[in-house]
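Residue numbers (the working numbering), protein chains in the order written: chain A, 458 to 526; chain V, 50 to 487. Note that beta-carbon positions come from the ideal geometry of N, C-alpha and C, so glycine has one too.
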Amino acid sequence: MSELTYEAASGRLEAIIERLDSGEAGLRETLELCREGRGLVEFCAAELDEVSKGLEALRLDELVGRLDA
Amino acid sequence: MAVPAPSTTGIPGSALPGPYAVGEYAAALRARLRGFARVQLTGEACDVKVTRARVYFELRDERGAIPCAMWREDFERLGLPPGALAQGAQVVVAGGCDLYPGSASGSPHFHFAVTGLRIAGEGDLLARIERLRRRLVAEGLCERQQALPRPLLPRTIGVVCAERGKARDDVLAGLQRRGWAGRLVWAFAPVQDRHAAPAIGRALGDLAALPETEVVIVARGGGSLADLLAFCDETLCRTVAMLRVPVLASVGHHTDRTLIDDVAAVSCSTPTHAAEAAVPLHVGAARDALARASGRLARAGRRAVTDRARSLARLSRAPGAHVARQRRELHGRTRELQASARRRVESERRASARAARALARGAAAAAGPQRTAREQRLDGFAAALAAHDPQRTLARGYALVEDADGVAVTGAGAALAAGDVRIRFADGAVGAKVREDT
Numbered sequence: 458m459s460e461l462t463y464e465a466a467s468g469r470l471e472a473i474i475e476r477l478d479s480g481e482a483g484l485r486e487t488l489e490l491c492r493e494g495r496g497l498v499e500f501c502a503a504e505l506d507e508v509s510k511g512l513e514a515l516r517l518d519e520l521v522g523r524l525d526a
Numbered sequence: 050m051a052v053p054a055p056s057t058t059g060i061p062g063s064a065l066p067g068p069y070a071v072g073e074y075a076a077a078l079r080a081r082l083r084g085f086a087r088v089q090l091t092g093e094a095c096d097v098k099v100t101r102a103r104v105y106f107e108l109r110d111e112r113g114a115i116p117c118a119m120w121r122e123d124f125e126r127l128g129l130p131p132g133a134l135a136q137g138a139q140v141v142v143a144g145g146c147d148l149y150p151g152s153a154s155g156s157p158h159f160h161f162a163v164t165g166l167r168i169a170g171e172g173d174l175l176a177r178i179e180r181l182r183r184r185l186v187a188e189g190l191c192e193r194q195q196a197l198p199r200p201l202l203p204r205t206i207g208v209v210c211a212e213r214g215k216a217r218d219d220v221l222a223g224l225q226r227r228g229w230a231g232r233l234v235w236a237f238a239p240v241q242d243r244h245a246a247p248a249i250g251r252a253l254g255d256l257a258a259l260p261e262t263e264v265v266i267v268a269r270g271g272g273s274l275a276d277l278l279a280f281c282d283e284t285l286c287r288t289v290a291m292l293r294v295p296v297l298a299s300v301g302h303h304t305d306r307t308l309i310d311d312v313a314a315v316s317c318s319t320p321t322h323a324a325e326a327a328v329p330l331h332v333g334a335a336r337d338a339l340a341r342a343s344g345r346l347a348r349a350g351r352r353a354v355t356d357r358a359r360s361l362a363r364l365s366r367a368p369g370a371h372v373a374r375q376r377r378e379l380h381g382r383t384r385e386l387q388a389s390a391r392r393r394v395e396s397e398r399r400a401s402a403r404a405a406r407a408l409a410r411g412a413a414a415a416a417g418p419q420r421t422a423r424e425q426r427l428d429g430f431a432a433a434l435a436a437h438d439p440q441r442t443l444a445r446g447y448a449l450v451e452d453a454d455g456v457a458v459t460g461a462g463a464a465l466a467a468g469d470v471r472i473r474f475a476d477g478a479v480g481a482k483v484r485e486d487t
């Protein structure tokens, strides 16, 4: 299974909410969708945290030098 | 070739002529070079250097280069605008080969002695770029980058730009506007001279080689077409087209169109725009949207449970309500039945009373005046009947003889035959034994 991406997670979350809003899901499906949705929310929040914790600026030449060392 | 003037013994065993004095040889070489046909050449001017006496530059294209020199006097006579012979300018030169033979203290050098020069107009450059563009399009290289998926929220972004330039600040401003603060890898490179295209190509390759790089921005501020020519370099464009990561190009002003804009995933008008395109999502807005989605999920979950709980409660109350409703209906019907019965009894009573009154009237009418006569006749029948009653005969003193079976014995013979008889009087019966009268 391929690694989850923000795009895939947010797209799936949107689909889940649309399904829940339709009112067509039964109780079991609703609860499963809610559980899956909560996991996706956590994943997306972690991704957002990753790009919010402060700019980390690196120089490519230093990075390459470090890798070569 | 100059006449050899051997002054020193040559290399033993060598079949070659000489040795000649180098100055003479150089002079002979210059004469030979000057004998080459005088021609016009075209290429890109590089390393332009203006001295008091001469203007030096190199004429280059992708396959080679020739050092050129022009007398300053001749150059100024051309009346070119200042800076026309700039780095990267496409020029046409006329002249021929020449060689400075050097001296005891001066180094020799070959050059193409330029006697005429024309700056190729932008039209020439654009035509060349257009030819290259068509070739890249025909090879499908302008679509490869556009087919690459671009992340909504990259963690690591590579940036190729000049180390000191406004483009760098603009990229930072664009990322800041998105609320993005992840990992940024700067790959600084010259963006204008003949070293620019190879350096940019190397930087892009190195950035793409980093596994964490998800998108790369190539940014440069505005300039003349000649200034931006590095971004029309064929090798650079081919490198960009084949990269695994999407490249967002922002080269020059929004009116400029270089070849890297065609092969890149996205062509942006400004470095700020490129930065925003690198992070399509606004981090703050995404966080808000996520919070809303989380709330909707929670509400949907709660609603699903509470709605069903209410429904269950409603259903659980239903049997009791049903019984109560049935009971109410039953009571109603009972009351209706009782009322109906009362009405019926009353009605029957009234009907019976009416019938009784009718019967009474009928009976009275039927009895009427004949009643007495009937009663008298009835009394007569009763008296007649009583006259025939044996009991009355017994009352007058007679007796009745009966055999054992209760049958009346009416003769003497029958009495003898019966033997034992019963004699009934009016006041009772006695047994008797019959014997023959002697």
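Residues in the same chain with beta-carbon distance under 8 Å from residue i, minus the five sequence neighbours each way, listed in chain order, please.
i, result
"M458 of chain A", "Because the pLDDT at M458 of chain A is just 46, under 50, the model does not fix this residue reliably, and the value given afterwards should be weighed accordingly. Cβ neighbours of M458 of chain A beyond the five flanking positions: none."
"L259 of chain V", "T205, G207, V234"
"L443 of chain V", "L449, R473, F474, A475"
"L197 of chain V", "R293, V294, P295, A314"
"H322 of chain V", "G223, S299"
"L181 of chain V", "C281, E283, C286, L308"
"F85 of chain V", "G145, C146"
Can you name the start and end residues of the alpha helix (DSSP H) that residue i belongs to?
i, result
"K215 of chain V", "215-226"
"V97 of chain V", "No alpha helix (DSSP H) contains V97 of chain V, which is instead part of the beta strand (DSSP E) from 88-99."
"V498 of chain A", "484-507"
"G254 of chain V", "245-258"
"F124 of chain V", "121-126"
"G462 of chain V", "461-467"
"C317 of chain V", "From DSSP, C317 of chain V is part of no alpha helix (DSSP H); its letter is neither H nor E."
"L477 of chain A", "463-479"
"A77 of chain V", "71-83"
"L308 of chain V", "308-312"
"L441 of chain V", "Looking at the sequence itself, residue 441 of chain V is Arg, so the reference to Leu does not match. Counting along the chain, the alpha helix (DSSP H) containing R441 of chain V begins and ends at 439-444."
Tell me where the beta strand (DSSP E) around residue i begins and ends.
i, result
"S299 of chain V", "296-300"
"E513 of chain A", "513-516"
"V208 of chain V", "205-210"
"D110 of chain V", "103-110"
"L449 of chain V", "449-451"
"V264 of chain V", "264-269"
"L285 of chain V", "Counting along the chain, L285 of chain V falls outside any beta strand (DSSP E), though it belongs to the alpha helix (DSSP H) covering 283-291."
"R232 of chain V", "232-237"
Sort the options by Cα distance to residue i and report the nearest one.
i, options, result
"A236 of chain V", "A:K510, A:D518, A:T462, A:E471", "A:D518"
"E489 of chain A", "A:L515, A:G511, A:L470, A:Y463", "A:L470"
"A143 of chain V", "V:V104, V:T91, V:G137, V:Q194", "V:T91"
"D311 of chain V", "V:A327, V:T288, V:V328", "V:T288"
"G223 of chain V", "V:L181, V:A407, V:A268", "V:A268"
"S154 of chain V", "V:G72, V:L253, V:T262", "V:G72"
"G137 of chain V", "V:R243, V:A347, V:D173", "V:R243"
"G480 of chain A", "V:R348, V:L175, V:L78", "V:R348"
"A238 of chain V", "V:G411, V:E424, V:L256, V:R351", "V:L256"
"G270 of chain V", "V:V141, V:A246, V:D219", "V:D219"
"A467 of chain V", "V:G477, V:G455, V:A478", "V:G455"
"R83 of chain V", "V:F161, V:G67, V:R393, V:V300", "V:F161"
"A465 of chain A", "A:L497, A:E513, A:V521, A:K510", "A:L497"
"A472 of chain A", "V:V99, V:R345, V:Q419", "V:R345"
"L174 of chain V", "V:E485, V:Q225, V:L134, V:L274", "V:L274"
"R227 of chain V", "V:V458, V:A340, V:A324, V:A433", "V:A324"
Counting only the same chain and skipping the five closest in sequence on each side, list residues whose C-beta sits under 7 Å from that of residue i.
i, result
"Y149 of chain V", "P157, H158"
"L127 of chain V", "L166"
"L25 of chain V", "What the structure shows of chain V is the stretch from 50 to 487, and residue 25 of chain V is not part of that stretch, so it cannot be assessed."
"G179 of chain V", "According to the sequence shown, residue 179 of chain V is Glu rather than Gly. Cβ within range, chain order: n/a, list empty."
"G214 of chain V", "G270"
"A481 of chain V", "V470, I472"
"T284 of chain V", "A246, G250"
Give me, in chain order, the residues of the same chain whose beta-carbon lies closer than 6 Å to that of residue i; leave out the 5 immediate sequence neighbours on both sides.
i, result
"M119 of chain V", "V104, V163"
"A211 of chain V", "V240"
"M50 of chain V", "Bear in mind that a pLDDT of 47 at M50 of chain V, under 50, signals an unreliable position, so the number given afterwards is only what the model happens to contain. Closer than 6 Å at Cβ, skipping near neighbours: A77."
"Q387 of chain V", "none"
"R281 of chain V", "In the sequence under discussion, the amino acid at residue 281 of chain V is Cys, which differs from the Arg named in the question. Here the set comprises I178, T307, L308."
Within 7 Å (strictly less), CB to CB, does residue i reach chain D?
i, result
"V265 of chain V", "Here the protein chains are A and V, and chain D is not one of them."
key: Proximal residues, the region 282-293 of chain V versus chain A, C-beta separation under 7 Å   = Correct list: empty, as no residue qualifies.
request  = Entirely within the region 129-194 of chain V and at least 3 residues each: give me those beta strand (DSSP E) ranges in chain order.
outcome  = Counting whole runs of 3 or more residues, the region 129-194 of chain V contains the beta strand (DSSP E) stretches 139-149, 158-168.
ask   = What residues in the region 340-351 of chain V bring their beta carbon closer than 8 Å to a beta carbon of chain A?
value = Cβ contacts with chain A: A342, S343, R345, L346, A347, A349, G350.
Contiguous beta strand (DSSP E) assignments of at least 3 residues, all confined to the region 343-419 of chain V = Within the region 343-419 of chain V, no complete beta strand (DSSP E) run reaches 3 residues.
query = Quick one, which residues of the region 494-523 of chain A are near chain V if we go by CB-CB under 7 Å, in chain order?
reply = Correct list: G494, R495, V498, C501, A502, E504, L505, E507, V508, S509, K510, G511, L512, E513, A514, L515, R516, L517, L520, V521.
inquiry  = By the 7 Å beta-carbon criterion, what residues does the region 469-489 of chain A contribute toward chain V?
reply    = If the cut-off is 7 Å between Cβ atoms, the region 469-489 of chain A has L470, I474, L477, L484, T487, L488 near chain V.
task = Identify each residue in the region 251-264 of chain V for which the Cβ-Cβ distance to at least one residue of chain A is less than 9 Å, and report them in chain order.
result = So the close ones are A252, D255, L256, A258, L259.
ask   = At a Cβ cut of 8 Å, what residues of the region 227-241 of chain V count as close to chain A, listed as they run along the chain?
value = Listed by position, the residues of the region 227-241 of chain V near chain A (Cβ gap below 8 Å) are G228, W229, A230, G231, R232, L233, V234, W235, A236, F237.
Residues of the region 309-343 of chain V whose Cβ lies closer than 7 Å to any Cβ of chain A, in chain order = Cβ contacts with chain A come from V332, A335, R336, L339, A342, S343.
request  = Identify each residue in the region 351-379 of chain V for which the Cβ-Cβ distance to at least one residue of chain A is less than 7 Å, and report them in chain order.
outcome  = Within the region 351-379 of chain V, the qualifying residues are A353, R357.
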